[in-house]
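Residue numbers (this note's numbering), protein chains in the order written: chain A, 235 to 507; chain B, 235 to 507. Cβ coordinates follow ideal geometry from the N, Cα and C atoms, glycine included. Data block below; observations after.
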DNA sequence: CTGTTTTATTGATTTAAATCAATTAATCGG
DNA sequence: CCGATTAATTGATTTAAATCAATAAAACAG
């Protein structure tokens with residue numbers, strides 16, 4: 235299969251220096267294993283030919299590299315094809331708040347300040363592990379949606395889901411203690427990753443690759459890495475979880491769900507009626 | 235003008251017992267002063283005739299009354315026409331987390347768990363002051379959007395904006411101390427109310443009606459009302475704000491913005507390119 | 001493989017905010 | 001207008017998590 239080489243490639247590379255062109259044959263939208271959970275979820279198959287032209291190409295973002303910083307001009311929007319990305323914001327006091335964990339199929343980069351082509355991202359984005367991205371030019375999104383309402387509906391549905399996750403994130407930070415909040419986060423990510431695997435590639439399991447450092451966990455829920463460490467050790471002593479080598483094993487799902495007040499229903503994909 | 239009496243009226247009233255039928259002549263969508271910021275923002279005027287038929291009617295919700303509880307079957311979605319509504323969630327330990335402050339023009343009630351007509355709201359909704367609501371049947375939303383993509387685009391845009399507000403809310407709760415977080419919340423609501431007034435009815439001012447109790451403030455940002463009180467008193471002693479009789483006056487906007495790390499840009503309405 | 005950097009771990013101490021406890025001030029229903 | 005309920009205020013005490021500090025262990029680059 236020929237590797238599509240977008241005319242905008244060199245411009246894009248200048249603007250997003252950490253992106254690398256995808257060398258492997260790129261996945262066509264029509265053949266995409268995660269399409270049903272992603273931006274094009276509602277687009278009829280016969281329309282995918284021309285909607286794919288909207289897509290720029292697939293690119294690689296190496297582990298721990300920044301995709302964009304807050305304020306960067308938002309030329310592109312993204313669907314994560316493979317990997318793990320965090321969206322975050324750095325405060326004046328230097329502290330970092332992780333806003334969202336982006337998993338395969340998730341759409342991001344559409345939140346901007348300002349209007350028109352010069353608008354800037356409201357947040358930064360960074361890969362936790364080597365990731366593959368589907369890149370779309372932001373300025374074509376509206377006209378695409380006008381031609382293909384299923385795209386706008388898909389976007390609204392994904393937005394609804396993201397909003398619900400964000401609100402749960404808020405509850406964890408605002409009204410749960412460290413133990414409850416950490417239990418909830420571990421379960422949320424565990425379930426999301428596992429659901430991802432079911433819909434895409436692998437089998438269910440009680441163990442997932444978990445590339446967060448303890449500092450990442452703390453920055454997600456408003457704790458120091460020192461305190462995160464103490465709570466994780468406690469949960470390990472109680473044989474509820476096991477963490478080692480960027481791998482997380484859930485040993486006692488039921489107890490953990492009680493502690494974190496986690497309901498798997500929140501993870502399920504959302505539909506507008 | 236005749237008062238439209240929906241065929242679904244009596245069913246609706248059984249289901250949402252606190253809603254009262256609007257006695258005053260109801261505002262037609264075409265004449266709505268806040269339409270440009272609301273759900274029908276992008277819908278061309280010539281289409282508003284048939285899109286309004288989608289709307290059920292306007293209803294009154296008295297002050298401090300609950301519109302729906304978490305888990306209630308989500309028959310309707312809402313645009314707040316006038317008033318002030320909070321969305322919240324009650325945790326197992328009885329604590330309440332306010333998720334979102336709904337101001338005129340804002341759309342809510344679309345976040346549900348489950349699929350199809352029997353899905354339930356993910357959160358509760360309650361009026362802070364007597365409020366007027368535009369009520370839409372939830373089950374017609376998707377077909378409406380398929381016929382009128384501007385509706386889906388408007389929904390996606392509003393979702394993007396709400397998401398950004400939620401993320402700022404998260405930052406306040408996760409990574410700011412009580413003083414910073416309260417300063418931010420006061421400014422956010424002050425700016426949102428003032429923007430509302432500019433686009434709809436009144437003049438700019440340094441003072442707004444502010445119907446939150448100190449407990450409401452605490453439940454929004456994860457503090458006790460006792461601590462909220464101490465911080466508010468401190469800000470008053472420093473002549474930065476003045477609170478009295480459900481009215482908030484911002485005396486020193488600049489200093490307050492510095493304390494809260496508040497950027498008015500976040501309040502501006504969002505557009506997809 | 002090896003030195004270097006990053007991340008994890010654990011103890012001692014401090015602190016911001018919670019909790020407990022009264023009182024005072026507002027607001028509301030009749 | 002008036003008793004009753006709800007909300008605000010203030011002090012004393014406790015506590016969950018932060019901060020400070022020092023290794024130990026892992027991951028990484030050359």
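Interface residues of chain B facing residue 448 of chain A [CB-CB closer than 7 Å]: Residue mapping note: residue 448 of chain A aligns to position 214 of the first chain, counting from 1. Simply none; closest approach about 16 Å.
Using a Cβ-Cβ cutoff of less than 8 Å, which residues in the same chain neighbour residue 440 of chain B once the five nearest sequence positions on both sides are dropped? Walking along the second chain from the start, residue 440 of chain B turns up at place 206. Answer for residue 440 of chain B: 483, 484, 485, 487, listed in chain order.
Contact under 9 Å by Cβ, residue 490 of chain B with residue 386 of chain B: Within the second chain, numbered from 1, the residue matching residue 490 of chain B stands at position 256. Within the second chain, numbered from 1, the residue matching residue 386 of chain B stands at position 152. For residue 490 of chain B and residue 386 of chain B, no; Cβs fall outside 9 Å.
How long is the line joining the alpha carbons of residue 431 of chain A and residue 345 of chain B, rounded to whole angstroms? Within the first chain, residue 431 of chain A is the residue found at index 197, counting from 1. Within the second chain, residue 345 of chain B is the residue found at index 111, counting from 1. Looking at the two C-alpha atoms, the distance is approximately 25 Å.
Environment of residue 287 of chain B [buried if 16+ CB atoms lie within 10 Å]: Against the second chain, residue 287 of chain B aligns to sequence position 53. Burial call: exposed.
From residue 298 of chain A to residue 447 of chain A, what distance separates their C-alpha atoms? Working through the first chain from its first residue, we reach residue 298 of chain A at position 64. Working through the first chain from its first residue, we reach residue 447 of chain A at position 213. Near 11 Å, if we compare the C-alpha coordinates of residue 447 of chain A and residue 298 of chain A.
Just how far apart, CA to CA, sit residue 240 of chain A and residue 507 of chain B? Position 6 of the first chain holds residue 240 of chain A. Position 273 of the second chain holds residue 507 of chain B. At residue 240 of chain A the pLDDT is 47, less than 50, meaning the model places this residue with poor confidence and gives no usable figure here.
Quick check on this structure: which residue in B/312, B/343, B/373 has the alpha carbon closest to the alpha carbon of residue 294 of chain B? Position 60 of the second chain, counted from the start, is the residue given in the question as residue 294 of chain B. Nearest of B/312, B/343, B/373 to residue 294 of chain B, Cα basis: B/312.
Tell me, please, whether the CB atom of residue 502 of chain B is closer than 9 Å to any CB atom in chain A? Translated into the one-based positions of the second chain, residue 502 of chain B becomes position 268. With 9 Å as the cut-off, residue 502 of chain B counts as an interface residue toward chain A.
So which residues on chain B does residue 393 of chain A lean against when the C-beta distance must stay under 7 Å? By 1-based counting over the first chain, the position of residue 393 of chain A is 159. Under the 7 Å cutoff, chain B gives 390, 393, 394, 397.
Are the CB atoms of residue 338 of chain B and residue 268 of chain B within a distance shorter than 9 Å? Counting from one through the second chain, the residue named residue 268 of chain B turns up at place 34. Counting from one through the second chain, the residue named residue 338 of chain B turns up at place 104. Yes, the pair counts as a contact, with Cβ atoms nearer than the cut-off.
Express the C-alpha separation of residue 442 of chain A and residue 266 of chain A in angstroms, rounding to a whole number. Numbered from its first residue, the first chain carries residue 266 of chain A at position 32. Numbered from its first residue, the first chain carries residue 442 of chain A at position 208. Distance between the alpha carbons of residue 266 of chain A and residue 442 of chain A is about 23 Å.
Can you tell which of B/503, B/318, B/307 has the C-alpha that lies nearest to the C-alpha of residue 362 of chain B? Reading the second chain from its first residue, position 128 is the one you call residue 362 of chain B. Nearest C-alpha to residue 362 of chain B: B/318.
Between which two residues does the beta strand (DSSP E) harbouring residue 444 of chain A extend? Reading the first chain from its first residue, position 210 is the one you call residue 444 of chain A. Careful: residue 444 of chain A lies outside any beta strand (DSSP E) and carries neither H nor E.
Which one or two residues does DSSP pair with residue 314 of chain B in a beta bridge? Against the second chain, residue 314 of chain B aligns to sequence position 80. Paired residue(s): B/367.
Under a three-way DSSP split, which group does residue 358 of chain B fall into? The count along the second chain starts at 1 and reaches residue 358 of chain B at position 124. In the structure shown, residue 358 of chain B adopts extended strand secondary structure according to DSSP, grouped into three states.
Euclidean distance between Cα positions of residue 426 of chain A and residue 501 of chain A: Working through the first chain from its first residue, we reach residue 426 of chain A at position 192. Working through the first chain from its first residue, we reach residue 501 of chain A at position 267. Taking the straight line from one Cα to the other gives about 7 Å.
Below-9 Å beta-carbon distance, residue 384 of chain B vs any chain A residue: As a first step, residue 384 of chain B is located in the second chain; it is residue number 150 there, counting from the start. Yes, its Cβ sits closer than 9 Å to a Cβ of chain A.
Given residue 499 of chain A, which residues of its chain have a CB within under 6 Å of its CB, disregarding the five upstream and five downstream residues? Locating residue 499 of chain A in the first chain gives position 265, where the first residue counts as 1. Excluding residues within five positions, none has a Cβ falling inside 6 Å.
Within 10 angstroms of the Cβ of residue 352 of chain B, are there 16 or more other Cβ atoms? Answer buried if so, exposed if not. Walking along the second chain from the start, residue 352 of chain B turns up at place 118. So residue 352 of chain B ends up on the exposed side.
Taking 9 Å as the CB-CB cut-off, is residue 313 of chain B touching chain A? For the purposes of this step, residue 313 of chain B is taken as residue 79 along the second chain, with counting starting at 1. Proximity of residue 313 of chain B to chain A, defined by a Cβ-Cβ separation below 9 Å, is not satisfied.
Does DSSP put residue 373 of chain A in a helix, in a strand, or in coil? Position 139 of the first chain holds residue 373 of chain A. In the structure shown, residue 373 of chain A falls within a helical segment according to DSSP collapsed to helix, strand and coil.
Going by DSSP in three states, residue 323 of chain B sits in which element: helix, strand or coil? Residue numbering aside, residue 323 of chain B sits at position 89 when the second chain is read from its first letter. Under the three-state reduction of DSSP, residue 323 of chain B is assigned to strand.
Where does the unbroken beta strand (DSSP E) through residue 462 of chain A begin, and where does it stop? By one-based count along the first chain, residue 462 of chain A stands at place 228. First-last for residue 462 of chain A: 459-471, but that is the alpha helix (DSSP H), not the beta strand (DSSP E).
Could you check whether the region 369-380 of chain A touches the region 408-417 of chain A, counting it as contact only if at least three pairs of C-beta atoms, one from each stretch, sit closer than 8 Å? no
In angstroms, rounded to a whole number, what distance separates the CA positions of residue 453 of chain B and residue 323 of chain B? On the second chain, residue 453 of chain B is found 219 positions in, with the first residue counted as 1. On the second chain, residue 323 of chain B is found 89 positions in, with the first residue counted as 1. Approximately 10 Å between the Cα atoms of the pair.
Using beta-carbon positions only, say whether residue 304 of chain B and residue 357 of chain B come within less than 9 Å of one another. Reading the second chain from its first residue, position 70 is the one you call residue 304 of chain B. Reading the second chain from its first residue, position 123 is the one you call residue 357 of chain B. Result yes, Cβ atoms of residue 304 of chain B and residue 357 of chain B sit closer than 9 Å.
Please list, in chain order, the chain B residues whose beta carbon lies closer than 7 Å to that of residue 323 of chain A. By 1-based counting over the first chain, the position of residue 323 of chain A is 89. Within 7 Å of the CB of residue 323 of chain A, the CB atoms of chain B belong to 405, in sequence order along the chain.
Residue 281 of chain A: beta carbon under 8 Å from a heavy atom of the ligand SAM? Only the bare structure without any ligand can be found here, which leaves the ligand SAM out of the picture.
Just by C-beta distance, which residues in the region 249-283 of chain A are closer than 9 Å to chain B? Cβ contacts with chain B: none found.
Is DSSP giving residue 427 of chain B helix, strand or coil here? Taking the first residue of the second chain as 1, we reach residue 427 of chain B at position 193. The answer is helix: DSSP assigns residue 427 of chain B an H, G or I state.
Have a look at residue 503 of chain A and residue 388 of chain B and give me their C-alpha separation to the nearest angstrom. Taking the first chain and counting its residues from 1, the one referred to as residue 503 of chain A is at position 269. Taking the second chain and counting its residues from 1, the one referred to as residue 388 of chain B is at position 154. Rounded to the nearest angstrom, the two C-alpha atoms are 21 Å apart.
What's the gap between the Cα of residue 408 of chain B and the Cα of residue 307 of chain A? The residue labelled residue 408 of chain B in the question sits at position 174 within the second chain. The residue labelled residue 307 of chain A in the question sits at position 73 within the first chain. Rounded to whole angstroms, residue 408 of chain B and residue 307 of chain A show a C-alpha spacing of 27 Å.
Would a check of beta-carbon distances place residue 369 of chain A closer than 9 Å to chain B? Here the question's residue 369 of chain A lines up with position 135 in the first chain. Output row for residue 369 of chain A: interface = no.
Sheet register partners of residue 477 of chain A (DSSP bridge): Sequence index remark: in the first chain, residue 477 of chain A carries index 243 (1-based). A/482, per the DSSP bridge assignment.
From residue 496 of chain B to residue 456 of chain A, what distance separates their C-alpha atoms? Along the second chain, one-based indexing puts residue 496 of chain B at 262. Along the first chain, one-based indexing puts residue 456 of chain A at 222. Computed Cα separation, rounded: 19 Å.
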